[in-house]
Structures are given as structure tokens and as C-alpha cells.
Amino acid sequence: MAEPSYSDIQKAVRVEKLRIWFAWICGNVILLIIANGTKDIHILSVITQILLVVGFLALTVALFRMTGALNRKALAARREVLDDDL
2 MAEPSYSDIQ KAVRVEKLRI WFAWICGNVI LLIIANGTKD IHILSVITQI
52 LLVVGFLALT VALFRMTGAL NRKALAARRE VLDDDL
């Protein structure tokens, strides 16, 4: 089995990052749609807005944690493929 090239690793990382960002955008759009749908019911609107903020923060934290983990994996793979010692 052939070793992956650095170019293959870069492409895989780029695709995974696009998937992560797409999921983040979709999650936030869903939260906004739900918040917009409940804006006429006052108490539910307040609860929905609070959940919107909490959901946004949770999705954003997950986004940056996943991207950081992916960057660390890519760096380790880069070192392995290129026999690079940083």
C-alpha cells in the first residue's frame, strides 16, 4: 500500500474543513429559522433567543476545536510524509 503524498493530505484536510464550516453554517441557519418562527410568541421567543445564543456558542466552540484537531493531525501527517522535524 502506497504512502499518501502531502498533496493528498492537504486535499483531505481542505475537504474536511469545508464540511465542518458547512455544518456550522447549516446549524446556525436552522437556529435562526427556529428563532424567526417563534418571534410572535413572547415568552417562547425569549427562550428561543437564549437557546440561539447558547447553540451558536456551542457550534462555534465545536467548529474551532474540530478545526484545531484537524490541523494537528495534518501537521503530524505532514511530518510523517515529509520526514520533517519542526
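Position one of the sequence shown corresponds to residue 2 (our numbering), numbered consecutively onward. We put the beta carbon where it would ideally sit given N, CA and C, even for glycine.
{"Item": "Between which two residues does the alpha helix (DSSP H) carrying I34 extend?", "Value": "Y7 to G38"}
{"Item": "Looking at chain D, is there any beta carbon in it that lies within less than 8 Å of the beta carbon of S6?", "Value": "The structure shown contains no chain D, having only a single protein chain."}
{"Item": "Tell me the residue span of the alpha helix (DSSP H) that contains I48.", "Value": "H43 to L83"}
{"Item": "Please name the residue, chosen from M67, I26 and L33, that lies closest to I51 on a Cα-to-Cα basis.", "Value": "L33"}
{"Item": "Rounded to whole angstroms, what's the CA-CA distance from S6 to V82? Just pull it up for me.", "Value": "7 Å"}
{"Item": "In terms of alpha-carbon separation, which member of A75, V62, K74 and A77 lies closest to A1?", "Value": "As shown, the chain starts at 2 and ends at 87. That puts residue 1 outside it, with no answer to give."}
{"Item": "For I10, count the other beta carbons within 10 Å of its own beta carbon; 16 or more makes it buried, fewer makes it exposed. Which is it?", "Value": "buried"}
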